[in-house]
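Notes for the one structure printed next.
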Amino acid sequence: MACRTAILISGSGTNLQAFIDAVAAGDLDLELSIVFSNRPDAYGLERAARAGIPTACIEHGQFEDRESFDRAVAAELDAVQPELIVLAGFMRILSPWFVEHFEGRILNIHPALLPKYPGLNTHQRALDAGDEWHGSTVHFVTEELDGGPRILAGRLRVIPGESADELQTRVQAVEHQIYPEAAGLVGSGRAVFRDGQALLDGEPTTEPVVRSFA
Ligand code: GAR
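Position one of the sequence shown corresponds to residue 61 (the working numbering), numbered consecutively onward.
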């Protein structure tokens, strides 16, 4: 049985689209059970509706604090009993309660070669540092922002003189490859979260698998 998956977005949803396309092509054995957004104008909601995936949206502004919002989100998600939660450009910091509620089942993609550049403006920071390589990393979510155990990273060489926008576009193309692949590893049970660590094929991993792209 395909792994029941919830995808959380806040914006355009190009990563969501990569999941939709990979599932439709038969390359990814997940059941996309729900797409959730905290923004009603997120274009990803249209992508989901077009693909026939149920959607839900709750705006965070109406909640007193982070955890009350997270509890409302979790109630929406729990209705479909997700086995995997995929954060795909969901621009909210999760409360410890939410992380614990779905412990070991939440994946995030962060546009940097973690542990470098947690947080925002990652592309500009990589350019400013003169890095030779930049990319994106898929990891299990823990309470530490962008700090959970890493599963898979995709890297590419920085082109001298390119802008942060150009670099972002190239990194996003990498994300569309590595995120469905990493989610497939988790969905099939090859990658698991245990005792704060990632295991791949039963072996604890301290470094992610790294794919290089042109
Ligand atoms: C992605 O590039 C993802 O790495 C980034 O948001 C973008 C969403 O794009 N996530 C973060 O910065 C999380 N800290 P999308 O809506 O087109 O998939």
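Even for Gly, the Cβ is constructed at its ideal location relative to N, Cα and C.
- Under DSSP, P268 takes part in no beta bridge, so it has no partner.
- Here DSSP, grouped into helix, strand and coil, assigns T197 to strand.
- Under the Cβ criterion (8 Å, minimum of three pairs), the stretch 216-232 does not count as touching the stretch 161-170.
- In the three-state DSSP reduction, F150 falls in the coil class, being neither helix nor strand.
- Pairing T65 with L105 gives a Cβ-Cβ distance that is not under 8 Å.
- One Cα belongs to V270, the other to V95, and the distance between them is close to 28 Å.
- At a Cβ-Cβ threshold of 8 Å, V234 and S196 count as neighbours.
- For A186, the CB stays at least 7 Å from every heavy atom of the ligand GAR.
- Annotated three-state conformation of F158 is helix, per DSSP.
- Taking 7 Å as the cut-off, one finds no heavy atom of the ligand GAR near enough to the beta carbon of S223.
- Going by beta carbons, R107 and L76 fall inside the 8 Å limit.
- Boundaries of the beta strand (DSSP E) harbouring N168: I166 to H170, taken from the DSSP string.
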